[in-house]
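Read top to bottom, the protein sequences are chains C and R.
Residue numbering for the first sequence follows the UniProt record's numbering, starting at 1 and increasing by one per position.
Residue numbering for the second sequence follows the UniProt record's numbering, starting at 1 and increasing by one per position.
Glycine included, C-beta positions come from ideal geometry on N, C-alpha and C.
Data block below; observations after.
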Amino acid sequence: MSASNEMRLAFSARSENEAFARITVAAFVSQLDPTMEELNDLKTVVSEAVTNAIIHGYDSDPAGMVTIEASIVGDTVSLVIKDSGNGIEDLELARQPLFTSKPELERSGMGFTIMENFMDGFEVISEPGNGTSIAMTKRIESKKALFN
Amino acid sequence: MSLQVELEHYRDVLIVRLKGELDHHTADIVRFKMEEAILRGNSAHVILSLKDLLFMDSSGLGVILGRYKQLKARDGKMVVCDVNPGVYRLFELSGLFKILPIHENERSALTSLEVVS
Ligand SMILES: Nc1ncnc2c1ncn2[C@@H]1O[C@H](COP(=O)(O)OP(=O)(O)OP(=O)(O)O)[C@@H](O)[C@H]1O
Ligand SMILES: [Mg+2]
């Protein structure tokens, strides 16, 4: 395996699409033969980033579009999850565990902490008024490797 | 994929069995069903039974924390049982185990609450 394998997904900012997004990414990554735990990690971070785009990026306005770009190079998965919504004023504050700007919606403020913990690489690019882009990578050890 | 919420009243305990996937889309159902069941059944305590909860993200943490606060305001307790590894990691990472005692199964969870009350 050398050249990269890529896929791109764009969908409306509707909560119904959260399950669709994480299942689609999981199906794409399944070619690397990930463990149940790796697959669960990936589904969780996709769910976190997509939910953030919908709730915070677009204030739940379904006219907004969320995009996911996924690529596989060797045994590493890269994900870029993007919205062109509100953006983040104070990134350092936003990334702190338990910080949420929407406590009235029963958010726990754990989304970014979960993404950082479940992935190997994690980066946020955001500009107020210009949207947010989350880039993440994870190396898949794969079940096969466990047997060799 | 969606979520089913099964509710059972046992004495002053409400047993909540969550089956399926708990995310932002399905969290509202859990919130409303639990809120109503706690008030209507006048339940003191809640057991969250999570054997068939196949997926959960931070939206699940939020709704669980919300119900914990609701119960605590009425001097009630919340415990969890039958937690699978994926959900366990989220509870651990968020520090939820510091406030929610965890049990092997519904029976031991019930026992723990009856000793308390
Ligand atoms: N895509 C985004 N667009 C605008 N703001 C964002 C975006 N993602 C995150 N934020 C900001 O960063 C904060 C922290 O995000 P994080 O996901 O950690 O917590 P949360 O979404 O508030 O709660 P939880 O994820 O636990 O439900 C949010 O409250 C919000 O203010
Ligand atoms: Mg979030």
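| What residue from C:Thr67, C:Asn40, C:Leu39 has the CA that sits closest to C:Asn52's CA? | Against the first sequence, residue 52 of chain C aligns to sequence position 52. Answer by Cα proximity: C:Thr67.
| said: On the DSSP bridge list, what partners appear for C:Lys82? | reply: Reading the first sequence from its first residue, position 82 is the one you call residue 82 of chain C. DSSP output for C:Lys82 lists C:Thr67, C:Ser133 as bridge partner(s).
| Helix, strand or coil at R:Gln70 according to DSSP, with G and I counted as helix | Walking along the second sequence from the start, residue 70 of chain R turns up at place 70. Correct three-state label for R:Gln70: helix.
| task | Please report how far the alpha carbon of C:Ser30 lies from the alpha carbon of C:Ser101, in whole angstroms. | result | Here residue 30 of chain C refers to the residue found at position 30 when the first sequence is read from its first residue. Here residue 101 of chain C refers to the residue found at position 101 when the first sequence is read from its first residue. Taking the straight line joining both Cα atoms gives about 35 Å.
| request: State the start and end residues of the unbroken alpha helix (DSSP H) segment that holds C:Val50. | output: By 1-based counting over the first sequence, the position of residue 50 of chain C is 50. Boundaries of the alpha helix (DSSP H) harbouring C:Val50: 36–52, taken from the DSSP string.
| message | I'd like to confirm the pairing. Which residues does DSSP put opposite C:Ile125 in its beta bridges? | response | For this step, residue 125 of chain C is matched to residue 125 along the first sequence. The partner list for C:Ile125 (beta bridge, DSSP) reads C:Ser133.
| message | As a quick exercise: from R:Arg40, R:Leu110, R:Leu18, pick the residue whose alpha carbon is nearest that of R:Leu3. | response | Taking the second sequence and counting its residues from 1, one reaches residue 3 of chain R at position 3. The option with the nearest alpha carbon to R:Leu3 is R:Leu18.
| query | How should C:Lys82 be labelled, buried or exposed, when 16 other C-beta atoms within 10 angstroms of its C-beta is the threshold for buried? | reply | Locating residue 82 of chain C in the first sequence gives position 82, counting from the first residue. Counting every other CB atom within 10 Å of its CB across the protein chains shown gives C:Lys82 a total of 16 or more, marking it as buried.
| said: For ligand 2, I want to know if C:Ala52 counts as a neighbour, meaning its beta carbon is within less than 7 Å of at least one of the ligand's heavy atoms. | reply: Residue 52 of chain C sits at position 52 when you count from the first residue of the first sequence. Per the sequence shown, residue 52 of chain C should be read as Asn rather than Ala. Because some heavy atom of ligand 2 lies under 7 Å away, the Cβ of C:Asn52 counts as near it: yes.
| Where the region 1–22 of chain C meets chain R: residues whose CB sits under 7 Å from a CB there | So the close ones are Ser15, Glu16, Glu18, Ala19.
| task | Can you pull the chain C residues whose beta carbon is under 9 Å from the beta carbon of R:Pro85, in chain order? | result | Numbered from its first residue, the second sequence carries residue 85 of chain R at position 85. In chain order: Met36, Glu37, Asn40.
| field | Length of the line joining the Cα atoms of C:Gly74 and C:Phe11 | value | As a working mapping, residue 74 of chain C is identified with position 74 in the first sequence. As a working mapping, residue 11 of chain C is identified with position 11 in the first sequence. So the alpha carbons of these two residues sit roughly 27 Å apart.
| query | Under 8 Å between the Cβ atoms of C:Leu42 and C:Lys138? | reply | Here residue 42 of chain C is taken as the residue at index 42 of the first sequence, counted from 1. Here residue 138 of chain C is taken as the residue at index 138 of the first sequence, counted from 1. Yes, the pair counts as a contact, with Cβ atoms nearer than the cut-off.
| First and last residue of the alpha helix (DSSP H) that includes R:Arg17? | As a first step, residue 17 of chain R must be located in the second sequence, where it is residue number 17. R:Arg17 -> not in any alpha helix (DSSP H); beta strand (DSSP E) instead, spanning 13–22.
| query | Any chance the region 22–30 of chain R sits against the region 92–108 of chain R, with 3 or more Cβ pairs inside 8 Å? | reply | No, because fewer than three Cβ pairs between the region 22–30 of chain R and the region 92–108 of chain R fall closer than 8 Å, the two stretches do not touch.
| query | When the Cα atoms are used, what is the spatial distance from R:Leu65 to C:Glu6? | reply | Taking the first residue of the second sequence as position 1, residue 65 of chain R is located at position 65. Taking the first residue of the first sequence as position 1, residue 6 of chain C is located at position 6. A straight-line Cα-Cα distance of about 38 Å links R:Leu65 and C:Glu6.
| said: Please return the same chain residues whose Cβ sits closer than 6 Å to the Cβ of C:Pro62, not counting the five positions on each side in sequence. | reply: Looking up residue 62 of chain C in the first sequence gives position 62. Hits under 6 Å: Ser12, Ala13, Arg14.
| Would you call R:Arg107 buried or exposed, if buried means 16 or more other Cβ atoms sit within 10 Å of its Cβ? | For the purposes of this step, residue 107 of chain R is taken as residue 107 along the second sequence, with counting starting at 1. Exposed, because fewer than 16 other Cβ atoms sit within 10 Å of the Cβ of R:Arg107.
| query | Along chain C, in chain order, which residues have C-beta atoms closer than 9 Å to that of R:Leu90? | reply | Locating residue 90 of chain R in the second sequence gives position 90, counting from the first residue. By Cβ distance, chain C contributes Thr44, Met110, Ile114.
| Is any heavy atom in ligand 2 found nearer than 7 Å to the beta carbon of R:Glu92? | Locating residue 92 of chain R in the second sequence gives position 92, where the first residue counts as 1. Every heavy atom of ligand 2 is 7 Å or more from the Cβ of R:Glu92, so no.
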